[in-house]
Amino acid sequence: MRNPSITEADVTGHQEFPGLVVWCTGLSSSGKTTICAAVHERLAARGLSVVMLDGDEIRQNISNDLGFSKADRDENIRRIGFYAWLLSRAGVVVLVSAISPYRAARRQVRTKIERFVEVYINAPLVVCERRDRKGIYGMARRGDMHNVTGIDDPYEPPEEPELECRTDLETVEESVAKVLAAISPALDAIPDFLPRYASPRENEASPKKTTY
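Numbering (the working numbering), first residue to last: 194 to 405.
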């Protein structure tokens with residue numbers, strides 16, 4: 194695991210908050226969007242400027258000209274990374290939920306963003322297939338869909354993420370608490386903003402969704 198690169202010294206006040214990108218990567222149906230949405234809810238409730246960039250929404254609205262070749266996937270991640278960088282420069286906490294299967298593409302994004310926290314949302318493929326509400330894995334298994342990450346296209350897990358969430362072993366609350374704990378050293382420097390998250394039981398509020 195990497196040591197998070199953000200500290201309380203990075204933040205001198207709410208108006209001067211330098212922004213942060215929390216990049217959640219993992220297989221489809223691993224729990225990325227569920228975790229990002231819950232973290233977004235917690236942070237927004239505390240008054241922080243926070244934006245969630247969802248990979249599916251980006252595909253539908255910004256990258257709808259791209260396919261699923263390696264070059265197109267890399268371009269999609271480049272675009273998401275650019276929007277994340279732009280928002281973070283404006284002092285926004287950006288939560289990215291994207292498969293982003295290739296290490297090199299994720300590494301390239303990291304080099305352009307000053308405060309970048311990579312979160313590996315890890316669940317075995319068999320668990321993701323059981324959760325798959327879109328039917329993507331089923332179509333891939335039947336040969337009706339191709340270039341599906343984890344089936345006939347590779348997923349390259351992070352080698353040194355700042356954080357790993359094992360969503361096959363953790364509840365949503367536990368994973369969300371881990372993400373909040375990882376970023377709280379920066380956010381704690383904003384007065385009356387965010388309490389420390391040592392355990393999900395210590396927080397009065399809980400994510401509405403408790404299962405993946």
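Quick reminder that beta carbons are idealized off the backbone N, C-alpha and C, glycines included.
Distance between beta carbons of residue 314 and residue 218, contact taken as under 8 Å
Confirmed, Cβ separation roughly 7 Å.
Any 3 or more C-beta pairs closer than 8 Å across the segment 323-337 and the segment 212-232:
Yes, the segment 323-337 touches the segment 212-232.
Let me confirm a value: residue 212 is counted as buried when at least 16 other C-beta atoms fall within 10 Å, else exposed. Which label applies?
Residue burial annotation: residue 212 is buried, with at least 16 other C-beta atoms found within 10 angstroms of its C-beta.
Environment of residue 277 [buried if 16+ CB atoms lie within 10 Å]
Buried, since its Cβ has 16 or more Cβ neighbours within 10 Å.
If you drop the 5 nearest sequence neighbours on each side, which residues of the same chain put their C-beta closer than 6 Å to that of residue 214?
Taken in chain order, the residues that qualify are 277, 281, 287, 306 and 309.
For residue 265, three-class secondary structure by DSSP:
The three-state secondary structure of residue 265, taken from DSSP, is helix.
CB of residue 237 within 9 Å of CB of residue 369, strictly:
No; because the gap between Cβ atoms is not below 9 Å, this pair is not in contact.
Minimum Cβ-Cβ distance from residue 228 to chain C less than 9 Å
Chain labels in this structure do not include chain C; a single protein chain is all it has.
Backbone CA spacing between residue 349 and residue 267 [nearest angstrom]
Approximately 13 Å, taken between the alpha carbons.
Which ranges would you report for the alpha helix (DSSP H) in the segment 207-242 if only whole runs of at least 4 residues count?
Segments of the alpha helix (DSSP H) lying fully in the segment 207-242: 225-238.
Candidates 351, 405, 228 and 404, of which the one nearest residue 296 by Cα
The residue with the shortest Cα to Cα distance from residue 296 is 351.
Chain-order list of residues whose beta-carbon lies under 7 Å from that of residue 342 (same chain, five-residue window excluded)
Cβ neighbours of residue 342 within its own chain (closer than 7 Å, five residues either side excluded): 220, 221, 292, 294 and 348.
Round the Cβ separation of residue 255 and residue 272 to the nearest angstrom and send it over; I've been treating them as touching at under 8 Å.
6 Å between Cβ atoms; contact.
Can you tell me whether residue 334 is buried or exposed, with buried defined as 16 or more other CB within 10 angstroms of its CB?
An exposed status is given to residue 334, since fewer than 16 other beta-carbon atoms sit within 10 Å of its beta-carbon.
Helix, strand or coil for residue 257, going by three-state DSSP, please let me know.
If DSSP states are grouped into helix, strand and coil, residue 257 belongs with coil.
6 Å CB neighbourhood of residue 320 in its chain, flanking five on each side removed:
Correct list, in chain order: 361.
On the CB-based measure, 16 or more other CB atoms within 10 Å of its CB, does residue 250 come out buried or exposed?
The residue in question, residue 250, is exposed, as its Cβ has fewer than 16 Cβ neighbours within 10 Å.
Boundaries of the beta strand (DSSP E) in which residue 349 is found, first to last residue:
Where residue 349 is concerned, there is no enclosing beta strand (DSSP E), given that its DSSP letter is neither H nor E.
By the three-class DSSP mapping on this structure, what secondary structure does residue 405 have?
If DSSP states are grouped into helix, strand and coil, residue 405 belongs with coil.
Could you spell out where the beta strand (DSSP E) holding residue 344 opens and where it closes?
From DSSP, residue 344 is part of no beta strand (DSSP E); its letter is neither H nor E.
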